[in-house]
Every structure is written in C-alpha cells, then in structure tokens.
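Numbering (this note's numbering), first residue to last: 130 to 360. Read through the structure below, which is laid out as structure tokens, and then see the notes.
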C-alpha cells in the first residue's frame with residue numbers, strides 16, 4: 130500500500146476538525162477558492178467526470194461538485210472520508226467517496242475520468258511517482274491532471290515548516306516532512322515518465338501581512354502543475 134501509516138493516523142486524529150475554517154485546516158479553506166478557479170480555468174469543470182485523489186475531508190471535491198462536475202473522491206484515511214461523507218449529507222451535495230488507493234482504482238477503472246486532481250498529497254506518500262502514474266492511467270486521453278505540492282528547498286523549509294508550523298502556528302507541528310518535498314524538476318520527471326505533457330507550472334504564495342494567497346511566478350515553496358494526457 131502506497132501510504133504511510135503515520136501520515137494516515139495524523140490526519141485521522143484531526144478529521145473531526147476538517148470543516149472548521151478556524152482549525153488546523155484553515156489554510157486549505159483559504160486556498161481552496163484559488164485552486165478551484167485555477168483548475169476550472171484550465172479544465173472547465175462543469176459536466177466533467179472528476180476524480181480527487183487524496184480527497185481528505187472533501188473541501189476541494191465538494192467545491193468541484195458545486196461547480197457542476199461529477200466528482201469521485203478517494204482516500205485511505207477512513208476517518209477523514211467519514212467526515213467528508215457526513216458533510217455531504219449535511220449540505221445535500223451528493224458525492225461519491227471511496228476508501229481506496231489511486232493505484233487500485235487505476236487497475237480497476239483506467240481512463241474513466243476527464244479530470245484528475247491530486248492536491249497537497251504527494252508530499253505525504255512513500256512513492257509519489259506511483260501516484261503520478263496512477264493519476265495518468267485514470268485520466269482519459271486528452272484529460273487534465275492537476276498536482277500541487279511543496280518544493281524541497283531551504284526557503285520551503287523556512288516558510289512551510291518553521292514559519293507555518295512553529296512561528297505562525299498555521300499548521301500542527303509535524304504536518305510536513307521536509308525530506309518528502311518534491312522539487313518541480315522531480316515532479317516533472319515523474320509526469321514525463323507517466324506520459325503526460327506539462328501545460329503550466331505556477332507558484333502559490335502567502336503574504337503573512339495581508340493573509341492573502343496568490344498564484345504567480347516562483348515555485349520554490351508551494352507550487353501547482355497542470356498536465357494533459359495526450360490524445
């Protein structure tokens with residue numbers, strides 16, 4: 130299984146707080162409109178079959194469903210999935226959540242989705258290349274695949290680990306393992322090996338004074354990559 134039990138336990142312990150916008154998941158709530166607009170701008174989500182890999186409590190998955198997509202969310206953190214399912218029932222947004230890995234779904238249902246998203250997940254798994262390959266297999270020819278993760282740089286360690294976890298206390302200590310961060314060149318190598326074409330690589334930036342997130346040049350901390358599967 131391409132999952133770290135410690136990572137699953139970590140997110141399971143916080144699962145009940147997933148939809149609290151003032152909790153440890155506050156950054157996810159704050160960046161979600163930004164990443165949703167970016168994904169929708171590329172892939173035009175309305176009417177598309179979408180898979181969210183590593184959906185957690187469902188923040189992105191549910192927002193894509195609200196945008197008119199038909200969304201399936203998968204994760205291996207059972208408690209987080211149960212929170213996602215409960216929130217779906219509470220809001221009346223019909224969702225399809227499944228406790229399974231990307232690799233398992235890729236073997237069972239290849240080329241089943243127009244869009245595949247895998248956001249803020251690759252830095253938490255033992256074998257990110259396997260996830261990238263599975264995402265590529267799950268997308269239809271011509272489909273879109275979106276990733277976001279953290280770059281393994283001194284600046285990312287300073288901002289995402291020391292700054293976010295210890296100074297600003299935006300995230301619980303131990304949320305990130307710097308050794309698992311992926312440089313854009315490493316992620317690009319994985320996507321090329323999976324047969325994907327990179328369409329856009331863009332950075333995500335946080336201003337602690339204004340507390341606003343923006344997208345723009347510079348991929349040395351958080352970044353997003355849009356890929357397309359050739360026809």
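C-beta atoms are modelled at their ideal positions from N, C-alpha and C, and glycine is treated no differently. Everything numeric in this text was worked out from a predicted model, so none of it was measured.
- Distance from the CA of residue 343 to the CA of residue 269, rounded to the nearest whole angstrom, comes to 30 Å.
- The DSSP assignment places 188-195 as complete runs of the alpha helix (DSSP H) inside the stretch 174-209, in order along the chain (cut-off: 4 residues).
- In this structure residue 336 is exposed. Its beta-carbon is surrounded by fewer than 16 other beta-carbon atoms within 10 angstroms.
- In its chain, beyond the 5 residues on either side, 253 have a beta carbon closer than 7 Å to the beta carbon of residue 136.
- In this structure, the CA atom of residue 150 is about 15 Å from the CA atom of residue 209.
- With at least 16 other beta carbons inside 10 angstroms of its own, residue 249 counts as buried.
- Per DSSP, the continuous beta strand (DSSP E) segment holding residue 227 begins and ends at 225-228.
- Counting only the Cα atoms, residue 286 lies some 11 Å from residue 309.
- DSSP places residue 261 within a helical segment (H, G or I) once states are collapsed to three.
- For residue 343, the enclosing beta strand (DSSP E) has its first and last residue at 341-345.
- Taking C-beta atoms as the reference points, residue 187 and residue 224 count as a pair closer than 9 Å.
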